[in-house]
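Trainee: Sending over a structure as structure tokens; questions will come in a sec.
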Amino acid sequence: MNNIANFDFKNKKTLIRVDFNVPLGENNKVTDTSRIIAAIPTIKRVISSGGIAILISHLGRPKGKKNLRYSLSNIQKDLEKLLHKSVAFIDDCIGSKVERFIYKQTAGSVILLENLRFYNQEESGDLEFAKKLSRLADVYINDAFGTAHRLHASNSVIPQFFKHKFFGLLMQDEVLNLEKTLKTPTKPFTAIIGGAKISSKIEVVLALIDKVDNLIIGGGMAFTFIKARGGAIGNSIYEEDKIDLANKIIQKAENKGVNIILPSDSINSSKFGDDGDIQISHIEKIESNYMGLDIGPESIKIFSNVIQNSKTIIWNGPMGVFEIELFSEGTRQIALSVAKATSEGAYSLVGGGDSVAAIKKFNLESSVSYISTGGGAMIEYLEGKKLPAIEAML
Ligand code: AMP
Numbered sequence: 139m140n141n142i143a144n145f146d147f148k149n150k151k152t153l154i155r156v157d158f159n160v161p162l163g164e165n166n167k168v169t170d171t172s173r174i175i176a177a178i179p180t181i182k183r184v185i186s187s188g189g190i191a192i193l194i195s196h197l198g199r200p201k202g203k204k205n206l207r208y209s210l211s212n213i214q215k216d217l218e219k220l221l222h223k224s225v226a227f228i229d230d231c232i233g234s235k236v237e238r239f240i241y242k243q244t245a246g247s248v249i250l251l252e253n254l255r256f257y258n259q260e261e262s263g264d265l266e267f268a269k270k271l272s273r274l275a276d277v278y279i280n281d282a283f284g285t286a287h288r289l290h291a292s293n294s295v296i297p298q299f300f301k302h303k304f305f306g307l308l309m310q311d312e313v314l315n316l317e318k319t320l321k322t323p324t325k326p327f328t329a330i331i332g333g334a335k336i337s338s339k340i341e342v343v344l345a346l347i348d349k350v351d352n353l354i355i356g357g358g359m360a361f362t363f364i365k366a367r368g369g370a371i372g373n374s375i376y377e378e379d380k381i382d383l384a385n386k387i388i389q390k391a392e393n394k395g396v397n398i399i400l401p402s403d404s405i406n407s408s409k410f411g412d413d414g415d416i417q418i419s420h421i422e423k424i425e426s427n428y429m430g431l432d433i434g435p436e437s438i439k440i441f442s443n444v445i446q447n448s449k450t451i452i453w454n455g456p457m458g459v460f461e462i463e464l465f466s467e468g469t470r471q472i473a474l475s476v477a478k479a480t481s482e483g484a485y486s487l488v489g490g491g492d493s494v495a496a497i498k499k500f501n502l503e504s505s506v507s508y509i510s511t512g513g514g515a516m517i518e519y520l521e522g523k524k525l526p527a528i529e530a531m532l
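Position 158 (the sequence shown) corresponds to 296 in my numbering; numbering is contiguous.
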């Protein structure tokens, strides 16, 4: 990867594609600044060597229309606080007004442009739109790992218009951590996959079977596997059309000598919510009116034991409906177990919106080796797919 460490940005107008797609709460306030924090080192590197940083990003899904709910002005104050510096905001991202404003800037300034997705052309990967963006600067940096799997104008089309183009420090970190995990994992290597549905994670599960020693499957997606082997799962979430696939995954794991570990017990409720009647049962003996919403104590023990004996761990997806306190214990104990293994020398990589949210909820951010800012991008990288935004830079 081209490196920004040795480049002289002095007086260079530098377009930085960042990922400021942050969650917004009431009054459009940023509720989690992690993605802004993650972009700071690259911005600082550019301005401290005398460059002019022009920041571009998307935010939410405005679908090609100007919508102030998704204006990047909503993050201006947080960015200023984190950079300890004033940031100019312009309410557009292309055109002569933006070009004139940038032209007047001096070394070390930071300019935040309006949401790229107020233009349809961003998501359609429009060449002309990418060209207009490229007119704003002399140098291009892509530091938006979270969107690296998307073929959009500002990340996958724009690089062709620049002679000087670089990956930002966050992008480098993300790729180095994923490469290290996939190419040179210290064994035993364990993947923990959870979340609601198997359908969104099939490819990654199949790809990981080629790499890992142990595959732990928890969360709602475990029930398709349990159903596939004839268990009674009551009203638990499962995907009927993926039963064959679950069998194929089990078969492939057996052929490869990979240890697939499914939950053995389950915390069940008569309702989806916190006011149902609760039971604990064997995972294959859930009563017909109940649904499994968390892994049970025996599963926690078995999963934790595998995790404690691992030297490389990847985790994507919660073990249950962790947003509801009553069903958060499985995810909490697995998070603690990953943290403990890490403190004893294992390397752990956590990614995917919900597993990261869980790690934060349990205040374990600094207890794992690396937290990826990319959910979909991380999954596609692990699947072995080429990410268009990375390919476009090579
Ligand atoms: P995903 O986006 O596929 O990683 O799924 C994350 C979601 O899965 C979270 O919102 C969890 O509440 C949900 N989830 C985890 N376990 C279960 C379960 N047993 N039943 C229903 N939903 C679940």
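The beta carbon of each residue, even a glycine, is placed where N, CA and C say it ideally should be.
#1: For Phe327, which three-state DSSP category applies?
#2: Would Ser407 pass as a contact of Ile398 if the rule is Cβ separation under 8 Å?
#3: Using the beta-carbon count (16 or more within 10 Å), is Ala245 buried or exposed?
#4: Using only alpha-carbon positions, find the residue among Leu251, Lys499, Val295, Leu316 that is nearest to Glu266.
#5: Mapping the DSSP letters down to three states, classify Asp170 as helix, strand or coil.
#6: Looking at C-alpha atoms only, which residue of Ile388, Ile375, Gly490, Asp170 is the closest neighbour of Phe410?
#7: Three or more C-beta pairs under 8 Å: does that hold for the segment 438-445 against the segment 301-310?
#8: For Phe550, list the residues DSSP reports as bridge partners.
#9: Is Tyr536 buried or exposed, if buried means 16 or more other CB atoms sit within 10 Å of its CB?
#10: Confirm the yes/no value for this check: CB of Asp170, any heavy atom of the ligand AMP, distance under 7 Å.
#11: Which residue spans inside the segment 457-516 form an unbroken beta strand (DSSP E) run of at least 3?
#12: Helix, strand or coil for Lys380 per DSSP?
#13: Quick check on the DSSP output: the alpha helix (DSSP H) that includes Phe441 runs from which residue to which?
#14: Of the residues Leu353, Cys231, Lys386, Ala176, which one's Cα is nearest the Cα of Lys270?
#15: Return the Cβ separation of Gly333 and Gly455 in integer angstroms, given the expectation that the two are a contact with Cβ distance under 8 Å.
#16: Within the present structure, is the beta-carbon of Lys478 separated from the nearest heavy atom of the ligand AMP by less than 7 Å?
#17: Taking one C-beta from the segment 234-248 and one from the segment 458-477 each time, how about it: are there three or more such pairs within less than 8 Å?
#18: Any idea what DSSP makes of Gln563, helix, strand or coil?
#19: How far does the alpha helix (DSSP H) with Val313 in it reach, from first residue to last?
#20: Can you give the Cα-Cα distance for Gly395 and Lys349, rounded to whole angstroms?
#21: Verify whether the separation of the beta carbon atoms of Ile279 and Thr180 is less than 8 Å.
#22: How would you call Gln389, buried or exposed, if buried means at least 16 neighbouring beta carbons within 10 angstroms?
#23: So, is Ser292 buried or exposed, given that buried needs 16 or more other C-beta atoms within 10 angstroms?
#24: Do the segment 252-263 and the segment 166-176 meet, that is, are 3 or more Cβ pairs less than 8 Å apart?
#25: Compare the beta carbon distance of Leu210 and Asn165 with 8 Å and say whether it is the shorter of the two.
#26: Sort Val168, Ile355, Glu529 by Cα distance to Ile582 and report the nearest one.
#27: My assumption, with CB atoms under 8 Å, is that Phe465 sits in contact with Leu431. Please give the rounded CB distance.
#28: Pull up the distance between the alpha-carbon of Ala370 and that of Ile421, whole angstroms please.
#29: Mind checking Ala143: buried by the 16 CB within 10 Å criterion, or exposed?
#30: Could you tell me if the beta carbon of Gly414 falls within a distance shorter than 7 Å of some heavy atom in the ligand AMP?
#31: Tell me where the alpha helix (DSSP H) around Leu221 begins and ends.
#32: Below 8 Å on the Cβ atoms is my contact criterion, and I expect Gln155 with Ala282 to pass it. Report the Cβ-Cβ distance as a whole number of Å.
#33: On the three-pair Cβ rule with 8 Å, is the segment 492-499 touching the segment 379-393?
#34: Do Ala345 and Ile452 come within 8 Å of each other at the CB atom, strictly closer than that value?
#35: So the candidates are Ser510, Tyr208, Val225; which of them puts its Cα closest to the Cα of Gly198?
#36: Only counting the same chain, and skipping five residues up and downstream in sequence, which positions put a Cβ closer than 6 Å to that of Lys321?
Mentor: Looking at the atomic coordinates:
#1: Mapped onto the sequence shown, residue 327 falls at position 189. Of the three classes helix, strand and coil, the one that applies to Phe327 here is strand, per DSSP.
#2: Counted from its first residue, the sequence shown places residue 407 at position 269. Counted from its first residue, the sequence shown places residue 398 at position 260. Going by beta carbons, Ser407 and Ile398 fall outside the 8 Å limit.
#3: Here residue 245 refers to the residue found at position 107 of the sequence shown. Its Cβ having fewer than 16 others within 10 Å, Ala245 is exposed.
#4: Translated into positions along the sequence shown, residue 266 becomes position 128. The option with the nearest alpha carbon to Glu266 is Val295.
#5: One-based indexing of the sequence shown puts residue 170 at position 32. The answer is coil: DSSP assigns Asp170 none of H, G, I, E or B.
#6: Residue 410 sits at position 272 when you count from the first residue of the sequence shown. Minimum Cα distance to Phe410 is reached at Ile375.
#7: Because the criterion of three Cβ pairs below 8 Å is not met, the segment 438-445 and the segment 301-310 do not touch.
#8: The structure shown has nothing for residue 550, since the chain only spans 139 to 532.
#9: There is simply no residue 536 to check, as the chain begins at 139 and stops at 532 in what is shown.
#10: In the sequence shown, the residue the question calls residue 170 occupies position 32. For Asp170, the shortest C-beta to heavy atom distance toward the ligand AMP is 7 Å or greater.
#11: Here the runs fully enclosed are 485-488.
#12: Looking up residue 380 in the sequence shown gives position 242. Looking at Lys380 - three-state DSSP - the assignment turns out to be helix.
#13: Start at 1 with the first residue of the sequence shown, and residue 441 comes out as number 303. For Phe441, the uninterrupted alpha helix (DSSP H) run begins and ends at 435-446, by DSSP.
#14: Within the sequence shown, the letter at position 132 stands for residue 270. It is Cys231 whose Cα lies nearest to the Cα of Lys270.
#15: Looking up residue 333 in the sequence shown gives position 195. Looking up residue 455 in the sequence shown gives position 317. By a beta-carbon distance limit of 8 Å, Gly333 contacts Gly455. Their separation comes to about 3 Å.
#16: On the sequence shown, position 340 is the one that residue 478 refers to. Relative to the ligand AMP, the beta carbon of Lys478 is positioned no closer than 7 Å to any heavy atom.
#17: Not touching, per the Cβ criterion.
#18: Here the chain covers residues 139 to 532 and nothing more, so residue 563 does not appear.
#19: Residue mapping note: residue 313 aligns to position 175 of the sequence shown, counting from 1. 307-321 is the span of the alpha helix (DSSP H), which, as asked, contains Val313.
#20: Residue 395 sits at position 257 when you count from the first residue of the sequence shown. Residue 349 sits at position 211 when you count from the first residue of the sequence shown. Pairing Gly395 with Lys349, the inter-Cα distance amounts to about 11 Å.
#21: The residue you call residue 279 lines up with position 141 of the sequence shown. The residue you call residue 180 lines up with position 42 of the sequence shown. Yes, the pair counts as a contact, with Cβ atoms nearer than the cut-off.
#22: As a working mapping, residue 389 is identified with position 251 in the sequence shown. With fewer than 16 Cβ atoms within 10 Å of its Cβ, Gln389 is classed as exposed.
#23: Taking the sequence shown and counting its residues from 1, the one referred to as residue 292 is at position 154. Under the 10 Å beta carbon count, Ser292 is surrounded by 16 or more other beta carbons and is classified as buried.
#24: Because the criterion of three Cβ pairs below 8 Å is not met, the segment 252-263 and the segment 166-176 do not touch.
#25: In the sequence shown, counting from the first residue as 1, residue 210 sits at position 72. In the sequence shown, counting from the first residue as 1, residue 165 sits at position 27. A distance of 8 Å or more separates the beta carbons of Leu210 and Asn165.
#26: Nothing in the structure corresponds to residue 582, since the chain is present only between 139 and 532.
#27: Numbered from 1 along the sequence shown, position 327 holds the residue referred to as residue 465. Numbered from 1 along the sequence shown, position 293 holds the residue referred to as residue 431. 4 Å between Cβ atoms; contact.
#28: Translated into positions along the sequence shown, residue 370 becomes position 232. Translated into positions along the sequence shown, residue 421 becomes position 283. Cα to Cα, the separation comes out at about 8 Å.
#29: In the sequence shown, the residue the question calls residue 143 occupies position 5. Counting Cβ neighbours within 10 Å, Ala143 comes out exposed, since fewer than 16 surround it.
#30: Translated into positions along the sequence shown, residue 414 becomes position 276. Here the distance from the Cβ of Gly414 to the nearest heavy atom of the ligand AMP is not below 7 Å.
#31: By one-based count along the sequence shown, residue 221 stands at place 83. Per DSSP, Leu221 is one residue of the alpha helix (DSSP H) stretching across 214-221.
#32: Sequence index remark: in the sequence shown, residue 155 carries index 17 (1-based). Sequence index remark: in the sequence shown, residue 282 carries index 144 (1-based). Residue identity check: residue 155 is Arg in the sequence provided, not Gln. Confirmed, about 5 Å.
#33: Result no; under three Cβ-Cβ pairs closer than 8 Å.
#34: Counting from one through the sequence shown, the residue named residue 452 turns up at place 314. Counting from one through the sequence shown, the residue named residue 345 turns up at place 207. For Ile452 and Ala345, no; Cβs fall outside 8 Å.
#35: For this step, residue 198 is matched to residue 60 along the sequence shown. Taking Gly198 as reference, the option from Ser510, Tyr208, Val225 with the minimal CA-CA separation is Tyr208.
#36: Residue numbering aside, residue 321 sits at position 183 when the sequence shown is read from its first letter. Counting only residues of its own chain and dropping the five nearest sequence neighbours on each side, Lys321 has no CB closer than 6 Å to any other CB.
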